[in-house]
Amino acid sequence: MIQLSGGNLVQDSSAIILAVETSCDETALAVIRGTELIAGEVSSQIKIHGEFGGVVPEVASRNHLKVLRPVLMAVLAKAGVGCGDLDAIAATSGPGLATSLMVGASLAKGMAVALGKPFLAINHIEGHLLSPFIRVQGGPCSSVGLVVSGGHTLLVRIHGLGRYELLGKSVDDAAGEAFDKVGKLLGLPYPGGPHVNRCAERGDPCRFDFPRSMMASGNFHFSFSGLKTAVRYMLEKCDPIPVEDVCASFQEAVVEVLVKKTIRAVLAAGVDTLAISGGVSCNSRLRERFANECKARRIHLLLAPPELCTDNAGMIAYVAALRFAQGVPSELASEIEPNLRLAGVAGI
Ligand code: KG4
Ligand code: ZN
Numbered sequence: 489m490i491q492l493s494g495g496n497l498v499q500d501s502s503a504i505i506l507a508v509e510t511s512c513d514e515t516a517l518a519v520i521r522g523t524e525l526i527a528g529e530v531s532s533q534i535k536i537h538g539e540f541g542g543v544v545p546e547v548a549s550r551n552h553l554k555v556l557r558p559v560l561m562a563v564l565a566k567a568g569v570g571c572g573d574l575d576a577i578a579a580t581s582g583p584g585l586a587t588s589l590m591v592g593a594s595l596a597k598g599m600a601v602a603l604g605k606p607f608l609a610i611n612h613i614e615g616h617l618l619s620p621f622i623r624v625q626g627g628p629c630s631s632v633g634l635v636v637s638g639g640h641t642l643l644v645r646i647h648g649l650g651r652y653e654l655l656g657k658s659v660d661d662a663a664g665e666a667f668d669k670v671g672k673l674l675g676l677p678y679p680g681g682p683h684v685n686r687c688a689e690r691g692d693p694c695r696f697d698f699p700r701s702m703m704a705s706g707n708f709h710f711s712f713s714g715l716k717t718a719v720r721y722m723l724e725k726c727d728p729i730p731v732e733d734v735c736a737s738f739q740e741a742v743v744e745v746l747v748k749k750t751i752r753a754v755l756a757a758g759v760d761t762l763a764i765s766g767g768v769s770c771n772s773r774l775r776e777r778f779a780n781e782c783k784a785r786r787i788h789l790l791l792a793p794p795e796l797c798t799d800n801a802g803m804i805a806y807v808a809a810l811r812f813a814q815g816v817p818s819e820l821a822s823e824i825e826p827n828l829r830l831a832g833v834a835g836i
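If you count the sequence shown from 1, you need to add 488 to reach my numbering.
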């Protein structure tokens, strides 16, 4: 007989939750007490996948299996807690690579059964979306959220925990995907985003006038694949390639579109808080431009600390803590969902 939930949830603001995130190529675990993160560990596979120029799903899942146990031991030791102290176990259930998601979810479900504690299935996008609120008293508030990662570029109206409305999204490449593809065209290491960012610091952002797609579209959607193609055509004409100027001009085009459309969305929604998350929100130019723009317009800007921008388990633990306080566990029989959408949002 399968026990569908590992235990009953209790409302406890100092509950200790272990979260496991293995949606792609980072093996990440974190421990949260209440809504305070007390430990986080990330074992990156970037070097392994760098050789292939991108993530190889089977290689990723094998490596998750290899490092999960030592990373689990490390995070528990760092947090100073034992398995018996845990009140719930959470894992990312999607979206992501099926074979990677399965590894983390299986560990979390197994621990929940063994310890007789509840299991919480958490949406990776929601983890990113709410990560900027982790140090905000009272948690997620009425705001607009911009998620800019390798897999998603989303503008979301946040009404509260679990109450989201899609305002806009990329109709083709995600912003991070565009950074990575341009990095690849330039021969930079995988993933290209951080390298393009570093090269851009020494480049001229006005040297090339790359397209700012969908600026006048009248909606809040984005498109980045034309920009990447424009970079490719331009590179065919250059010898030698002015890598730093290309990076700076490309980055400026991405950031300008993101800033202008996001600010428009905030003004149209009539809110005064903007929460930006996802790997691309580590970008120094993006952070600088949003900081200036929000200051000028008196918009309260929430940016997650860089270690919570790229994939991590702290953001999963935070959403798990908010859900745990609501008292609704997930079914142990619940499946991982590689194409999972954000709750309440059609079209994501
Ligand atoms: O959120 P994330 O770790 O994973 C996904 O859920 O996709 O985002 C990874 C993406 C990659 O495309 C990576 O190149 C990009 O974030 N990224 C950056 C920077 N740091 C990471 N892009 C631009 N500038 C950065 N500094
Ligand atoms: Zn992510």
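A virtual CB, placed ideally from N, CA and C, is assigned to each residue, including glycine.
As the structure is a computational prediction, the values presented were derived from the model and not from experiment.
message: Using beta carbons (cut-off 8 Å, strictly below), is L674 in contact with chain C?
response: The structure shown contains no chain C, having only a single protein chain.
field: Bounding residues of the beta strand (DSSP E) (the contiguous stretch that carries K657)
entry: 651-657
- prompt: Cβ of V768 versus every heavy atom of the ligand KG4: is any distance shorter than 7 Å?
  reply: yes
message: Using CA atoms only, rank isn't needed, just tell me which of T761, C694, E529 is closest to A562.
response: E529
message: Give me the pocket residues for the ligand ZN, defined as CB within less than 5 Å of any heavy atom, sorted by chain position.
response: S637, D799
message: So, with DSSP's three-state summary, where would you put F607?
response: strand
- prompt: What residue range is occupied by the uninterrupted alpha helix (DSSP H) comprising G706?
  reply: Careful: G706 lies outside any alpha helix (DSSP H) and carries neither H nor E.
task: Report all residues from its chain with a CB closer than 8 Å to the CB of S713; omit the five preceding and five following residues, and keep chain order.
output: D660, D661, A666
task: Label Y652 either buried or exposed according to how many other C-beta atoms from any shown protein chain fall within 10 Å of its C-beta, with 16 as the threshold for buried.
output: buried
- prompt: Run through DSSP, which three-state label would S501 get?
  reply: coil
- prompt: Of all the options Q739, E509, R557, F778, which has the alpha carbon lying nearest to the alpha carbon of T587?
  reply: E509
query: Cβ-heavy atom distance between H709 and the ligand SAH below 7 Å?
result: Looking for the ligand SAH in the displayed structure turns up nothing; the ligands present are the ligand KG4 and the ligand ZN.
field: V719 in three-state terms, based on DSSP
entry: helix
- request: Please classify Q814: is it buried, with 16 or more other beta-carbons within 10 angstroms of its beta-carbon, or exposed?
  value: exposed
- request: Have a look at H537 and Y678 and give me their C-alpha separation to the nearest angstrom.
  value: 8 Å
field: P679 CB to nearest heavy atom of the ligand KG4 below 7 Å
entry: yes
- request: Going by DSSP, name the residue or residues bridged to S765.
  value: V635
- prompt: Who are the near neighbours of L553 in its chain, counting only those whose CB is closer than 8 Å to its CB and skipping five residues on each side?
  reply: V591
message: Whole angstroms are fine: how far does the CA of G656 sit from the CA of A805?
response: 26 Å
- request: With DSSP as the reference, please indicate the residues paired to L789 in a beta bridge.
  value: L762
message: DSSP three-state label for S737, please.
response: helix
task: Closer than 6 Å by C-beta to I520: which residues in its own chain qualify, once you throw out the five before and the five after it? Chain order, please.
output: I505, A805, A809
query: In terms of DSSP beta bridges, what is A516 paired with?
result: E509, V530
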